[in-house]
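Colleague: Following this message is one structure expressed as structure tokens.
Protein chains: 2
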Amino acid sequence: MVTKNQIKLVVNLKQKKYRTQHGLFVVEGEKLVNELLDSGIQLLDLFVDTEKKAKHFQEAKLVSKANMKQMSSLSNPNGVLGVFKVPSPKPTGEDDWVLALDAVRDPGNLGTIIRLCDWFGIKYLICSSDTVECYNPKVLQATMGSIARVNIVYTDLEAYLKQTSLPMYGAFMDGNSIYQQKLPTKGILVMGNEANGISETIGGLITSQISIPQYGETTAESLNVATATAILLNEIRR
Amino acid sequence: MVTKNQIKLVVNLKQKKYRTQHGLFVVEGEKLVNELLDSGIQLLDLFVDTEKKAKHFQEAKLVSKANMKQMSSLSNPNGVLGVFKVPSPKPTGEDDWVLALDAVRDPGNLGTIIRLCDWFGIKYLICSSDTVECYNPKVLQATMGSIARVNIVYTDLEAYLKQTSLPMYGAFMDGNSIYQQKLPTKGILVMGNEANGISETIGGLITSQISIPQYGETTAESLNVATATAILLNEIRR
Numbered sequence: 001m002v003t004k005n006q007i008k009l010v011v012n013l014k015q016k017k018y019r020t021q022h023g024l025f026v027v028e029g030e031k032l033v034n035e036l037l038d039s040g041i042q043l044l045d046l047f048v049d050t051e052k053k054a055k056h057f058q059e060a061k062l063v064s065k066a067n068m069k070q071m072s073s074l075s076n077p078n079g080v081l082g083v084f085k086v087p088s089p090k091p092t093g094e095d096d097w098v099l100a101l102d103a104v105r106d107p108g109n110l111g112t113i114i115r116l117c118d119w120f121g122i123k124y125l126i127c128s129s130d131t132v133e134c135y136n137p138k139v140l141q142a143t144m145g146s147i148a149r150v151n152i153v154y155t156d157l158e159a160y161l162k163q164t165s166l167p168m169y170g171a172f173m174d175g176n177s178i179y180q181q182k183l184p185t186k187g188i189l190v191m192g193n194e195a196n197g198i199s200e201t202i203g204g205l206i207t208s209q210i211s212i213p214q215y216g217e218t219t220a221e222s223l224n225v226a227t228a229t230a231i232l233l234n235e236i237r238r
Numbered sequence: 001m002v003t004k005n006q007i008k009l010v011v012n013l014k015q016k017k018y019r020t021q022h023g024l025f026v027v028e029g030e031k032l033v034n035e036l037l038d039s040g041i042q043l044l045d046l047f048v049d050t051e052k053k054a055k056h057f058q059e060a061k062l063v064s065k066a067n068m069k070q071m072s073s074l075s076n077p078n079g080v081l082g083v084f085k086v087p088s089p090k091p092t093g094e095d096d097w098v099l100a101l102d103a104v105r106d107p108g109n110l111g112t113i114i115r116l117c118d119w120f121g122i123k124y125l126i127c128s129s130d131t132v133e134c135y136n137p138k139v140l141q142a143t144m145g146s147i148a149r150v151n152i153v154y155t156d157l158e159a160y161l162k163q164t165s166l167p168m169y170g171a172f173m174d175g176n177s178i179y180q181q182k183l184p185t186k187g188i189l190v191m192g193n194e195a196n197g198i199s200e201t202i203g204g205l206i207t208s209q210i211s212i213p214q215y216g217e218t219t220a221e222s223l224n225v226a227t228a229t230a231i232l233l234n235e236i237r238r
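Chains as they are written, first to last, in the UniProt record's numbering: chain E, 1 to 238; chain S, 1 to 238.
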């Protein structure tokens, strides 16, 4: 049985302030829920809206389709909804490449970037405090389960960069060509905001400004931050 | 002055069937409209909703904010709306790399891919007939003006691939590592559908199956088609 309070909690978790307050987030869809269960992230509650789905998840609570619609952030709820505990961030290692984001704001971009970290084996993603929250439903949907395998830390990016001994690379429109760089085996790659790039404060700390050369005439203004991240992580790992 | 019929035409152009029927498409925003004007794509009509904006565009018709809201596809119309003629496709060259899409369905992905073609100097983008239409407002918004600089052709992809003499590369999950390939100076890169990849019919025509190696353990299921395209075009051009 599901109580009114349980439903209310899930509805509240659509808002960032309640996610932060309770240290909880919501994931929808059988596949995504399974990936999180496998990853060892702690489950608080699991809701399904048919007896058939309940058979796949021993721990599930059966709710009406109306309740599911109320709790879901999707326009077409898929009938499986899990409430998970935000994992406590692990201490960030300095033994490999780290990706850092300076005020990335678009949920789809962050979701794609988390998926890229997973693909390219980047274990630590450092986000400035004003980067979009990674437990935002739109981010979670775009990560395709990769959220379970990347350690994401929100922090004061300036303070973080000031204390690290890793070499710092930042993506700038007029940086040196990434093709001409000899990249070390570990370092930090910093990517900036969609509209403004890397902020002045953060830019001042970066040791190497890099860029992706445009081919032929200069026409396109810039690359989207997620596609630029894809190309730079590929250059780092190739 | 703007007539009821002119407004009705623009409203109708929100639908693909009318865009196809009239050979017209709509672009919103001063920047995007200017890029299209510069590109030589033919303008049919231009609407603005303030006297001030009218000063920037000699050819503009002034409409009320209510009319602009009616015509716009945006939740917050930005007050500049141009109706352009779909350019007739130029014959596709075989002197450089060509990108071909097999049933890419997401407007954001197609928009990002068009922007990537512009960045990497890919002049020809061949789309299978079931690829999302490039004059869809969501695609246009995501291209950031690059639509004006890439020649996009919708065609029977199978027939196109059967008649070309260019070597054909296709992105597959289990293809050969792109890092180990010696890529020619010209060819066709085929990218597949978001959920199903390259179809069987098209796959049968491809001479080289390629893939982007995952780093470390295999965890992430796949890369988004736009980010995979970013990485592969970068590999081709670097």
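Positions of the beta carbon are idealized from the N, C-alpha and C atoms, including for glycine.
Spell out whether any CB of chain S is found under 7 Å from the CB atom of E/TRP119.
Modeller: yes
Colleague: Look at S/THR219 and S/ILE113 and say whether their C-beta atoms are less than 7 Å apart.
Modeller: no
Colleague: Do S/LEU99 and S/LEU125 have their C-beta atoms closer together than 7 Å?
Modeller: yes
Colleague: Please classify E/ALA171 as buried or exposed, where buried requires at least 16 other C-beta atoms within 10 Å of its C-beta.
Modeller: buried
Colleague: For E/SER177, which residues from the same chain have a beta carbon less than 6 Å from its beta carbon, with the 5 sequence-adjacent residues on both sides left out?
Modeller: The residues are PRO213.
Colleague: Contact check, E/LYS85 vs E/GLY145 under 8 Å by CB: the rounded distance?
Modeller: E/LYS85 to E/GLY145, Cβ: 17 Å. No contact.
Colleague: What distance in whole Å lies between the Cβ atoms of E/SER199 and E/ALA103, which are believed to be in contact at a cut-off of 8 Å?
Modeller: 7 Å
Colleague: Along the segment 214 to 226 of chain E, what residues have a CB closer than 9 Å to any CB found in chain S?
Modeller: GLN214, TYR215, GLY216, GLU217, THR219, ALA220, GLU221, SER222, LEU223, ASN224 and ALA226
Colleague: Considering only DSSP beta bridges, list what S/PHE47 is partnered with.
Modeller: S/LYS61 and S/LEU81
Colleague: Which residue from S/SER88, S/VAL132 and S/ASP95 puts its Cα closest to that of S/LEU101?
Modeller: Nearest C-alpha to S/LEU101 among S/SER88, S/VAL132 and S/ASP95: S/VAL132.
Colleague: Going along chain E in order, which residues have a C-beta closer than 8 Å to the C-beta of S/ARG149?
Modeller: THR219 and ALA220, listed in chain order.
Colleague: From which residue to which residue does the beta strand (DSSP E) around S/GLU94 run?
Modeller: First-last for S/GLU94: undefined, no H or E at that position.
Colleague: Against chain S, does E/ALA230 count as a neighbour if the rule is that its beta carbon must be under 7 Å from one of theirs?
Modeller: yes
Colleague: Determine, for E/ASN109, whether the minimum Cβ-Cβ distance to residues of chain S falls below 7 Å.
Modeller: no
Colleague: Starting from E/MET144, find everything on chain S with Cβ-Cβ shorter than 9 Å and list it in chain order.
Modeller: By Cβ distance, chain S contributes ALA220, GLU221, SER222 and ASN224.
Colleague: Looking at the secondary structure, which residues open and close the beta strand (DSSP E) in which S/LEU232 lies?
Modeller: No beta strand (DSSP E) contains S/LEU232, which is instead part of the alpha helix (DSSP H) from 225 to 237.
Colleague: Any contact of the segment 76 to 85 of chain E with the segment 44 to 53 of chain E, i.e. 3+ C-beta pairs under 8 Å?
Modeller: Contact holds: three or more Cβ-Cβ distances are below 8 Å.
Colleague: Excluding five sequence neighbours on each side, which residues of the same chain lie with their C-beta closer than 8 Å to the C-beta of S/GLY93?
Modeller: LYS123 and TYR124
Colleague: So, helix, strand or coil for E/MET191, using DSSP?
Modeller: strand
Colleague: Just checking my contact of S/ASN109 with E/ASN234 at CB under 8 Å: how many whole Å lie between their CB atoms?
Modeller: Their Cβ separation, rounded to whole angstroms, is 18 Å, which puts S/ASN109 and E/ASN234 out of contact at 8 Å.
Colleague: Restricting to Cα atoms, I'd like to know which of E/SER39, E/LYS61 and E/ASN67 is closest to E/VAL11.
Modeller: E/ASN67
Colleague: DSSP on S/ASN151, reduced to helix/strand/coil?
Modeller: strand
Colleague: Does S/GLU30 come out as helix, strand or coil in the three-state DSSP assignment?
Modeller: Helix.
Colleague: Relative to the alpha-carbon of E/ILE206, which residue among E/GLY29, E/ILE236, E/ALA226 and E/VAL190 has its alpha-carbon at the smallest distance?
Modeller: E/VAL190
Colleague: In its own chain, which residues sit with a C-beta less than 7 Å from the C-beta of S/GLU35, not counting the 5 before and 5 after it?
Modeller: GLY145 and ALA148
Colleague: Run through DSSP, which three-state label would S/ILE178 get?
Modeller: helix
Colleague: Quick one: is E/MET173 buried, meaning 16 or more other Cβ sit within 10 Å of its Cβ, or exposed?
Modeller: exposed
Colleague: Look up S/GLY197 in the DSSP assignment and say whether it is helix, strand or coil.
Modeller: strand
Colleague: Please say whether S/CYS127 and S/TYR160 have beta carbons closer to each other than 7 Å?
Modeller: no
Colleague: Could you pull the DSSP bridge partners for residue 243 of chain E from this structure?
Modeller: Residue 243 of chain E is absent from the model: chain E starts at 1 and stops at 238.
Colleague: Note down, in chain order, each residue of its chain lying with its Cβ closer than 8 Å to the Cβ of S/SER165, except the 5 sequence neighbours on either side.
Modeller: GLU94
Colleague: Secondary structure at E/GLN214, three-state DSSP: helix, strand or coil?
Modeller: coil
Colleague: What's the C-alpha gap between S/CYS134 and E/GLN15?
Modeller: 35 Å
Colleague: Whose C-alpha, out of E/GLU30, E/SER211 and E/LYS52, is nearest the C-alpha of S/ARG238?
Modeller: It is E/SER211.
Colleague: Return no unless some Cβ of chain E is closer than 7 Å to the Cβ of S/THR92.
Modeller: no
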